[in-house]
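Data block below; observations after.
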Amino acid sequence: MSVADFYERLSPFYHLIYQDWAASMQRQASQLDSVIRELWGDRIKTVLDAACGVGTQAIGLAQLGYRVAASDISPVPLERAKREAASRGVAVTFSLADLRALSSGHSTTFDLVIACDNSIPHLLSDDEIRAAFREMYSCTADGGGCLVSVRDYDPSEAGTKVVPYGLRTDGERRFVVFQVWEYQGPIYNLAMYFVEDAGGPECTTHVMRSRYYAVPVVRLVELMTEGGFHDVRRIDGRFFQPLIVGFKNGEA
Ligand SMILES: C[S@@+](CC[C@H](N)C(=O)[O-])C[C@H]1O[C@@H](n2cnc3c(N)ncnc32)[C@H](O)[C@@H]1O
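Take any residue in the sequence shown, note its place counting from 1, add 4, and you have its number in the numbering used here.
Pasting the structure below:
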């Protein structure tokens with residue numbers, strides 16, 4: 005299953021990853037805003053969310069007053085993001101673009117280029133990730149920077165594990181949500197399950213499958229640096245995942 009196919013199947017359920025997606029959007033935007041202001045003052049006006057998905061960060065940041073463009077490789081979540089932004093009266097410019105060819109999808113530069121919630125590890129090798137960071141660098145204005153958030157992978161992890169998300173209700177519908185990971189070296193196969201229980205004798209299981217590269221944060225810091233950014237660093241305790249930030253000229 006391609007990344008786009010995985011997110012096509014996941015898109016209608018995406019909000020169920022969170023207990024309260026709307027509240028998470030607001031919380032994530034205000035946490036990112038606090039880090040952005042601390043590192044760049046009020047220099048950041050325009051943001052490119054280069055892996056926007058259904059718009060969790062893009063919509064929240066636009067609601068805070070940033071001018072946001074948002075792209076993704078997967079068309080179906082992009083369509084949902086457009087609807088979610090429109091229903092909230094939020095202006096975001098959405099487009100299709102691959103992180104590895106980001107500059108061909110965007111003709112201007114942005115003060116900040118972001119890719120949050122573990123989008124980067126969909127790229128399955130150091131070469132692909134380095135290429136993506138180079139493209140993010142090309143799309144960044146002088147004095148601006150890059151910010152990504154990722155899972156904090158344990159490099160010694162191997163084998164198979166279940167990652168529980170919990171019980172979710174969606175109107176009258178009830179779901180049990182979990183993932184199964186199966187490692188093959190540093191790459192793992194992921195299956196995401198939404199078990200829908202309508203109270204009868206049978207349940208309906210919605211499953212979607214993808215692959216991730218369990219790349220350690222320390223390696224991503226090196227790869228972002230090789231992509232052109234300077235003073236690249238890890239920031240903990242400010243977002244639900246570790247943040248990695250880097251700068252383009254001007255700032256440190
Ligand atoms: C876990 S989702 C996060 C989406 C969004 N940041 C959010 O939190 O709602 C990861 C996203 O990365 C996107 N993605 C994966 N590989 C990509 C690539 N090569 N170029 C652009 N987007 C990509 C997927 O399509 C998906 O929307």
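Yeah, the Cβ is synthetic: ideal placement off N, Cα and C, and Gly gets one too.
Check: residue i C-beta below 7 Å from any heavy atom of ligand 1
{"i": "ALA27", "result": "no"}
{"i": "ALA33", "result": "no"}
{"i": "VAL58", "result": "yes"}
{"i": "VAL199", "result": "no"}
{"i": "VAL7", "result": "yes"}
{"i": "TYR11", "result": "yes"}
{"i": "GLN245", "result": "no"}
{"i": "CYS143", "result": "no"}
{"i": "GLN61", "result": "yes"}
{"i": "CYS2", "result": "Outside the displayed span of the chain (5 to 256) sits residue 2, for which this structure offers no information."}
{"i": "SER123", "result": "yes"}
{"i": "ARG155", "result": "no"}
{"i": "SER99", "result": "no"}
{"i": "ARG104", "result": "yes"}
{"i": "ALA73", "result": "no"}
{"i": "PRO79", "result": "no"}
{"i": "ASP146", "result": "no"}
{"i": "ASP37", "result": "no"}
{"i": "ALA90", "result": "no"}
{"i": "HIS126", "result": "yes"}
Close beta carbons around residue i, own chain, < 6 Å, minus the five adjacent residues each side
{"i": "GLN183", "result": "VAL167, LEU194, MET196"}
{"i": "VAL19", "result": "Here residue 19 turns out to be His, not Val, going by the sequence shown. Taken in chain order, the residues that qualify are TRP25."}
{"i": "VAL39", "result": "ARG242"}
{"i": "HIS110", "result": "CYS143"}
{"i": "ASP9", "result": "none"}
{"i": "HIS234", "result": "PHE251"}
{"i": "LEU224", "result": "ILE248"}
{"i": "VAL152", "result": "ALA119, ILE124, ILE248"}
Residue i, buried or exposed, once every other Cβ within 10 Å from all chains shown has been counted against 16
{"i": "PHE244", "result": "exposed"}
{"i": "THR205", "result": "It should be noted that the sequence gives Pro, not Thr, for residue 205. Its Cβ having fewer than 16 others within 10 Å, PRO205 is exposed."}
{"i": "SER34", "result": "exposed"}
{"i": "GLU88", "result": "buried"}
{"i": "SER160", "result": "exposed"}
{"i": "CYS150", "result": "buried"}
{"i": "LEU100", "result": "exposed"}
{"i": "SER78", "result": "buried"}
{"i": "ALA145", "result": "buried"}
{"i": "SER6", "result": "exposed"}
{"i": "SER91", "result": "exposed"}
From the options, residue whose alpha carbon lies closest to that of residue i
{"i": "ARG31", "options": "ALA85, TRP185, ALA62", "result": "ALA62"}
{"i": "LEU65", "options": "VAL58, ASP76, VAL51, ILE77", "result": "VAL51"}
{"i": "LEU14", "options": "TYR157, ALA33, MET212, LYS165", "result": "MET212"}
{"i": "THR173", "options": "ALA202, ILE118, LEU116", "result": "ALA202"}
{"i": "ILE239", "options": "VAL222, CYS207, ALA8, GLN67", "result": "VAL222"}
{"i": "ARG47", "options": "VAL219, ARG237, ASP115, GLU176", "result": "ASP115"}
{"i": "THR229", "options": "PHE251, VAL219, ILE118", "result": "PHE251"}
{"i": "PRO190", "options": "THR208, LYS165, TYR216, VAL181", "result": "TYR216"}
{"i": "SER75", "options": "THR60, GLU42, TRP44, GLU186", "result": "THR60"}
{"i": "TYR157", "options": "SER6, TYR192, ARG84", "result": "TYR192"}
{"i": "GLY112", "options": "ALA73, THR209, GLU176", "result": "The sequence shown places Thr at residue 112, not Gly. If we check each option's Cα against that of THR112, ALA73 comes out closest."}
{"i": "ASP121", "options": "ILE77, TYR70, CYS56", "result": "CYS56"}
{"i": "ASN253", "options": "LEU247, PRO246, VAL236", "result": "VAL236"}
{"i": "CYS207", "options": "ARG177, TRP44, VAL219, LEU68", "result": "ARG177"}
Residues of its chain near residue i, where Cβ-Cβ distance is below 8 Å and the 5 sequence neighbours each way are ignored
{"i": "ARG104", "result": "LEU127, GLU132, ALA135, ALA136, GLU139"}
{"i": "PHE179", "result": "PHE17, LEU20, LEU171, ARG172, THR173, PHE198, VAL199, GLU200, ASP201"}
{"i": "TYR129", "result": "It should be noted that the sequence gives Ser, not Tyr, for residue 129. Cβ within range, chain order: TYR217."}
{"i": "ALA85", "result": "CYS56, GLY57, VAL58, GLY59, ALA62, ILE63, ALA74, ASP76, VAL96, PHE98"}
Spatial neighbours of residue i in its chain, beta-carbon cut-off 7 Å, leaving aside the 5 residues before and after
{"i": "SER107", "result": "GLU139, SER142, CYS143"}
{"i": "VAL80", "result": "TYR11, GLU12, SER15"}
Those runs of the alpha helix (DSSP H) which lie wholly inside the stretch 191 to 254 and span at least 4 residues: 221 to 230
Alpha helix (DSSP H) segments (min. 4 residues) lying fully within the stretch 72 to 149: 79 to 91, 106 to 109, 130 to 142
Length at least 4, wholly inside the stretch 5 to 45: the alpha helix (DSSP H) runs in chain order: 7 to 14, 25 to 44
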